[in-house]
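*Asks:* Residues in the sequence shown are numbered from 73 upward in steps of one, following our numbering. Heads up, the beta-carbon is just placed ideally off N, CA and C, and yes, glycines get one too. All figures in this text were calculated on a predicted structure; none of them were measured in a lab.
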Amino acid sequence: MPTPAPCLGVCNTAWRRAEHLRRTEKVPHDIPVTWGDPLHCDACVDRARRHLTELPELLVAISLEPLHGTRGAPTASTTSAPTDTTPWPGQAARLMTDHIAGGLAEVAADVRRLRGLGEHPVHEPGVREGEWIGRTIRLLTAHVDWLLQQHPLAGESHEAARLGPLLVPSTNPAAQIAAWHRAATRFTGRDKAPETKRFAPCKRCGGPWLTESRDLRLVDDEPYIECQDTDCRALFTHAEYRRYVKDLADQEIAAQRAPVHPDGAPEETAA
């Protein structure tokens, strides 16, 4: 029986970061690891399936952007190069759609080839774009378990690789699906939180930089609380944060109840 390995998905991103700090800086942590089955856990497979099923509606929202967007002010001037051009209305939406749809088509071609489903044209002549995108996503959704567990690239890291000054995105199917969904939600403005939560100062550095992470999630899809200070990068589960806030509140209550000298300094209680 193969030895279980940590899940390669986002459920372990916080654990991998904490492990790196433990190895390099001897910083202990108690963040639990999630095991793969065999490469990705059930939660990551379900997340990829959900992202795929949400992409058709997101792509429709992207396609509607030109109807509500406005053309930017021309940027060319008398000193501009002759090749300077102003983006045409809807250009960003078109490029985003081509990027996501083209990636989906490439992964679908892998599924058909590697699973013996026969060749199939990426763009069927006479078929509307929305229809063939829908067919492609249905195919990927039906084979999402195979994509995340048995695809030849399913064992790759989700992190981008550095090639000189360039960052090369991961070709792991799970990472690709997550990247397309993330790009679509950001393009349509759906990644913005409905309200801003106020957090206590960071327990480690004391700075006002705590926020719910958009990328680091617990197994049940609850976000970690992360310090945005690049020199700190502390991570807390919601349970750890609640205990920390309770300790702060208890300290404040104790300070308020402590007897005070006339000069304002707290008195020492007798032993």
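Using the Cα positions of Ala-180 and Met-168, report the straight-line distance between them to the nearest angstrom.
*Replies:* Here residue 180 corresponds to residue number 108 of the sequence shown, with the count starting at 1. Here residue 168 corresponds to residue number 96 of the sequence shown, with the count starting at 1. Each residue's alpha carbon lies about 18 Å from the other.
*Asks:* According to the Cβ coordinates, are Gly-175 and Gln-248 closer than 8 Å?
*Replies:* What you label residue 175 is simply residue 103 of the sequence shown in a count that begins at 1. What you label residue 248 is simply residue 176 of the sequence shown in a count that begins at 1. Yes, these two residues count as a Cβ contact at 8 Å.
*Asks:* Going by DSSP, what residues sit across from Val-240 in a beta bridge?
*Replies:* For the purposes of this step, residue 240 is identified with residue 168 of the sequence shown, where counting begins at 1. Looking at the DSSP assignment, Val-240 forms a beta bridge with Ala-233.
*Asks:* Out of curiosity, what's the CA-to-CA distance linking Lys-98 and Cys-304?
*Replies:* Translated into positions along the sequence shown, residue 98 becomes position 26. Translated into positions along the sequence shown, residue 304 becomes position 232. Taking the straight line joining both Cα atoms gives about 14 Å.
*Asks:* So if DSSP puts Trp-107 in a beta bridge, which residue, or which two residues, is it bridged to?
*Replies:* Counted from its first residue, the sequence shown places residue 107 at position 35. For Trp-107, which the question treats as bridged, DSSP gives the partners Pro-78.
*Asks:* Tell me whether Leu-307 sits in a helix, a strand or coil according to DSSP, three-state version.
*Replies:* If you number the sequence shown from 1, residue 307 lands on position 235. In the structure shown, Leu-307 sits in a strand (DSSP, three-state: E or B).
*Asks:* Using CA atoms only, rank isn't needed, just tell me which of Pro-224, Thr-302 and Leu-307 is closest to Pro-295.
*Replies:* Locating residue 295 in the sequence shown gives position 223, counting from the first residue. If we check each option's Cα against that of Pro-295, Leu-307 comes out closest.
*Asks:* Taking just the CA atoms, how far does Leu-320 sit from Pro-283?
*Replies:* Against the sequence shown, residue 283 aligns to sequence position 211. Against the sequence shown, residue 320 aligns to sequence position 248. Just to set this straight, residue 283 is Thr in the shown sequence, not Pro. Rounded to the nearest angstrom, the two C-alpha atoms are 18 Å apart.
*Asks:* Please say whether Gly-188 and Leu-111 have beta carbons closer to each other than 8 Å?
*Replies:* Numbered from its first residue, the sequence shown carries residue 111 at position 39. Numbered from its first residue, the sequence shown carries residue 188 at position 116. Against a cut-off of 8 Å, the Cβ pair of Gly-188 and Leu-111 comes out as no contact.
*Asks:* Between the stretch 198-207 and the stretch 108-123, do three or more beta carbon pairs fall short of 8 Å?
*Replies:* Result no; under three Cβ-Cβ pairs closer than 8 Å.
*Asks:* Only counting the same chain, and skipping five residues up and downstream in sequence, which positions put a Cβ closer than 8 Å to that of Thr-96?
*Replies:* Start at 1 with the first residue of the sequence shown, and residue 96 comes out as number 24. Cβ neighbours of Thr-96 beyond the five flanking positions: none.
*Asks:* Using DSSP with H/G/I as helix, E/B as strand and the rest coil, what is Glu-294?
*Replies:* Numbered from 1 along the sequence shown, position 222 holds the residue referred to as residue 294. Glu-294 falls in the coil class under three-state DSSP.
*Asks:* Roughly how many angstroms lie between the CA atoms of Arg-143 and Arg-254, to the nearest whole one?
*Replies:* What you label residue 143 is simply residue 71 of the sequence shown in a count that begins at 1. What you label residue 254 is simply residue 182 of the sequence shown in a count that begins at 1. Unreliable positioning characterises Arg-143 in this predicted model, as indicated by a pLDDT of 40, which lies under 50. The coordinate reading is nonetheless provided below. Taking the straight line from one Cα to the other gives about 25 Å.
*Asks:* Going by DSSP, what residues sit across from Thr-283 in a beta bridge?
*Replies:* Numbered from its first residue, the sequence shown carries residue 283 at position 211. DSSP lists Glu-298 as partners of Thr-283.
*Asks:* Given a threshold of 16 other Cβ atoms within 10 Å of its Cβ, counted over all protein chains shown, does Gly-261 qualify as buried or as exposed?
*Replies:* For the purposes of this step, residue 261 is taken as the residue at position 189 of the sequence shown. That one is exposed.
*Asks:* Can you name, in chain order, every residue of its own chain whose Cβ lies under 8 Å from the Cβ of Arg-185, other than the five neighbours on each side?
*Replies:* Within the sequence shown, numbered from 1, the residue matching residue 185 stands at position 113. Taken in chain order, the residues that qualify are Glu-191.
*Asks:* Can you have a look at Leu-211 and say buried or exposed, based on whether 16 or more other CB atoms are within 10 angstroms of its CB?
*Replies:* As a first step, residue 211 is located in the sequence shown; it is residue number 139 there, counting from the start. Buried, because 16 or more other Cβ atoms sit within 10 Å of the Cβ of Leu-211.
*Asks:* Would you mind stating whether Leu-130 and Thr-213 have Cβ atoms separated by less than 8 Å?
*Replies:* In the sequence shown, residue 130 corresponds to position 58, counting from 1. In the sequence shown, residue 213 corresponds to position 141, counting from 1. Against a cut-off of 8 Å, the Cβ pair of Thr-213 and Leu-130 comes out as no contact.
*Asks:* Taking only the alpha-carbon atoms, compute the straight-line gap between Tyr-313 and Pro-245 and give it to the nearest angstrom.
*Replies:* If you number the sequence shown from 1, residue 313 lands on position 241. If you number the sequence shown from 1, residue 245 lands on position 173. Their Cα atoms are separated by approximately 34 Å.
*Asks:* Within its chain, find whatever has a CB closer than 6 Å to the CB of Ser-285; leave out the 5 residues flanking it on each side and keep chain order.
*Replies:* Taking the sequence shown and counting its residues from 1, the one referred to as residue 285 is at position 213. Taken in chain order, the residues that qualify are Pro-295, Tyr-296 and Glu-298.
*Asks:* Counting C-beta neighbours from all protein chains within 10 Å, is the total for Ala-342 16 or more, i.e. buried, or is it exposed?
*Replies:* For the purposes of this step, residue 342 is identified with residue 270 of the sequence shown, where counting begins at 1. Residue placement at Ala-342 is poorly supported in this model, since its pLDDT is 48, which falls under 50; the coordinates are not used for a value here.
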